[in-house]
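>
Residue numbers (our numbering): 11 to 324.
1. How far does the beta strand (DSSP E) with residue 76 in it extend, from its first residue to its last?
2. By the DSSP assignment, the beta strand (DSSP E) with residue 314 in it spans what residues?
3. I want to know whether the stretch 280-293 touches the stretch 245-254 - three or more CB-CB distances under 8 Å.
4. Looking only at its own chain, which residues have a Cβ that is under 7 Å from the Cβ of residue 194, when we skip the five neighbours before and after it?
5. Expressed to the nearest angstrom, what Euclidean distance is found between the alpha-carbon atoms of residue 32 and residue 90?
6. Is it right to say residue 167 is buried, meaning 16 or more other beta carbons lie within 10 angstroms of its own, or is it exposed?
7. Taking C-alpha atoms, which residue in 61, 154, 117, 130 lies nearest to residue 46?
8. With distances taken from CA atoms, which of 181, 230, 295 is nearest residue 137?
9. Report buried or exposed for residue 226, applying the criterion of at least 16 other Cβ atoms within 10 angstroms of its Cβ.
10. Would you say residue 132 and residue 142 are within 7 Å of each other, going by their C-beta atoms?
11. So which of 299, 211, 56, 229 has the shortest CA-CA distance to residue 169?
12. With residue 151 as the anchor, note down where its alpha helix (DSSP H) starts and where it stops.
13. Please list, in chain order, all residues of the same chain as residue 208 whose beta carbon is under 6 Å from its beta carbon, the five residues on each side excluded.
14. Taking 7 Å as the cut-off, decide whether the C-beta atoms of residue 280 and residue 314 are in contact.
15. Name the residue from 104, 288, 94 whose alpha carbon lies nearest to the alpha carbon of residue 119.
16. How is the beta strand (DSSP E) around residue 204 delimited, first residue to last?
17. Check the DSSP bridge columns for residue 175 and list the partner residues they point to.
18. Out of 78, 164, 246, 154, state which residue places its alpha-carbon closest to the alpha-carbon of residue 102.
19. Excluding sequence positions up to five away, which residues of its chain have a Cβ less than 6 Å from the Cβ of residue 262?
20. Helix, strand or coil for residue 170 per DSSP?
21. Would you kindly report the start and end of the unbroken alpha helix (DSSP H) that includes residue 221?
22. Do residue 164 and residue 277 count as a contact pair if the criterion is CB distance below 7 Å?
The structure is reproduced here in structure tokens:
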């Protein structure tokens, strides 16, 4: 029931935010059929699957939108994403929506859409070039900064920490990492021992954490840029008998992460409305195709989740 309610609320948030930004509603668009293609980074990443749910729900609210949700066979393959964009162009998509696996590497795909006259938009993760209709997401830097402060404060301003990054070249990871690092730099007693990528992947997060545990006999805090890597890191800490030694902070929410917060294994996470991000993007494309101007950047609020408010996400 709560999941269904959250989905309805996220759709309502997307519609209200977008309508406010352009002064129009879906009721003003031409009543014809629209074919959109939504390309995610990975079909194996729970966050991306949640975005697909949001895309399908948003499209269902407008009867004349058909949306095809696809992703690369190799997770986070920007080369395959480019091929999927090319296919979308060839098959006559009205708009392409994509979460880039690599913010720079995706530029050729953006330029191909530009040349074909097809709007392309990027929820969650930015593209660093080409003419993008809009980006919709959270302030990743600011939330990373807040989470970094939360970890440092929980350590009373002193301790040794490690950082688990996402995918190199991905704007989401880069901005979150920068936020973490800038927060840590404000505490003379906080020492950042190491920072390594794990590609937003649970198994790789476990491997990176295992390496940290072998390399560093003392670790007080672990900051990750997503909860899948945190779950892997927790497994590594448990296997090494060192779970009690450190505090974990992370991004995103699922039931495993909420359980870890409730158990005291994770201090805090940032919950972003991924369904609203993609819903907002779909409606942006719809209105742009009908001559409306849309904001190039649209920020969705992000909530910090702790033991105090985790039941709101159950």
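For each residue, glycine too, the CB sits at the ideal point set by N, CA and C. All values reported here derive from a predicted model rather than from experimental measurement.
Answer, in terms of the structure:
1. Its beta strand (DSSP E) spans residues 75-80.
2. That run of the beta strand (DSSP E) goes 312-315.
3. The stretch 280-293 is not in contact with the stretch 245-254.
4. 158, 162, 171, 200, 202, listed in sequence order.
5. Low local confidence applies: a pLDDT of 44 at residue 32 is under 50, so the model's placement there is unreliable, and no value is given.
6. By the neighbour-count rule (16 or more Cβ atoms within 10 Å), residue 167 is not buried but exposed.
7. In terms of Cα proximity to residue 46, the closest of 61, 154, 117, 130 is 130.
8. Ranking 181, 230, 295 by Cα distance to residue 137 puts 181 first.
9. Exposed is the call here.
10. Yes, they are a contact pair.
11. Comparing Cα-Cα distances from residue 169 to each of 299, 211, 56, 229, the minimum goes to 229.
12. Residues 150-164.
13. The residues are 174, 214, 215, 218, 239.
14. Yes.
15. Between residue 119 and the set 104, 288, 94, the nearest pair of CA atoms involves 94.
16. Following the DSSP letters along the chain, one finds residue 204 inside the beta strand (DSSP E) bounded by residues 199-207.
17. The partner list for residue 175 (beta bridge, DSSP) reads 207.
18. The shortest Cα separation from residue 102 among 78, 164, 246, 154 belongs to 78.
19. So the list reads 57, 236, 237, once near-sequence residues are dropped.
20. Strand.
21. Counting along the chain, residue 221 sits inside the alpha helix (DSSP H) bounded by residues 212-225.
22. Their beta carbons are under 7 Å apart, which means residue 277 touches residue 164 by this criterion.
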